[in-house]
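Going by my numbering, the letters in the sequence shown line up with residues 1 to 129, in that order. Quick notes on the structure that follows.
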Amino acid sequence: GRMQAAEVLLERFARAAGLSTYMKFTYGLSRLVFFILWLNHLGACIWWTVVTGNMNDGGSGWKSRISEQLGTNGDEKVQLTGDNSLAFHWYLQGLYWSVTAMFSGVSSNPPTNSIELIFSLSFVIFGII
């Protein structure tokens, strides 16, 4: 489609300017960076689902720990609508967790119940691949 046509046009321009190799490298690198950011966004969204869901087997969990940090009781519904700074903070917590878990396998928010542990292990193994 249009992306392919733009790619061909960019390739022709780069070849004419003698930058073909650099353009291919830059294009490939930018695709990789975008893919990694997208995967971390998905990780943050799944983390959000695990944290805000009712899947808890008795451990205190990420939700209670983060609610304690924020000075809330954890019972309020955090929705991603409008200008909600609390929801944005929770998303950033998830994104931080996702990035640290994918790249280092370590996080400042270790899992405290089996649901979080299974999710964390799956994400770290996926990050290794």
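Virtual Cβ for every residue (Gly too), placed ideally from N, Cα, C. Just so it is clear, the structure is predicted and the values come from calculations on it, not from any experiment.
How do the region 40–48 and the region 90–105 stand: do at least 3 beta-carbon pairs fall below 8 Å, yes or no? yes
Quick check on Gly28: buried or exposed, where buried means 16 or more other Cβ atoms within 10 Å of its Cβ? Position 28 of the sequence shown, counted from the first residue, corresponds to residue 28. Result: exposed.
Quick one: grab the DSSP three-state call for Ser98. Translated into the one-based positions of the sequence shown, residue 98 becomes position 98. Three-state result, Ser98: helix.
CB of Thr112 to nearest heavy atom of the ligand MN: below 7 Å? Questions concerning the ligand MN fall outside what the structure shown contains, since it holds no ligand whatsoever.
Backbone CA spacing between Met3 and Ala16 [nearest angstrom]: Position 3 of the sequence shown, counted from the start, is the residue given in the question as residue 3. Position 16 of the sequence shown, counted from the start, is the residue given in the question as residue 16. Computed Cα separation, rounded: 20 Å.
If we count the other Cβ atoms within 10 Å of its Cβ and call it buried at 16 or more, is Lys24 buried or exposed? In the sequence shown, residue 24 corresponds to position 24, counting from 1. Classification for Lys24: exposed.
Own chain residues within Cβ distance below 6 Å of Ser108, not counting five before or after: To locate residue 108, count along the sequence shown from 1; it is residue 108. So the list is empty, once near-sequence residues are dropped.
I'd like to know whether the C-beta atoms of Trp90 and Ile115 end up nearer to each other than 8 Å. In the sequence shown, counting from the first residue as 1, residue 90 sits at position 90. In the sequence shown, counting from the first residue as 1, residue 115 sits at position 115. Going by C-beta atoms, Trp90 is not nearer than 8 Å to Ile115.
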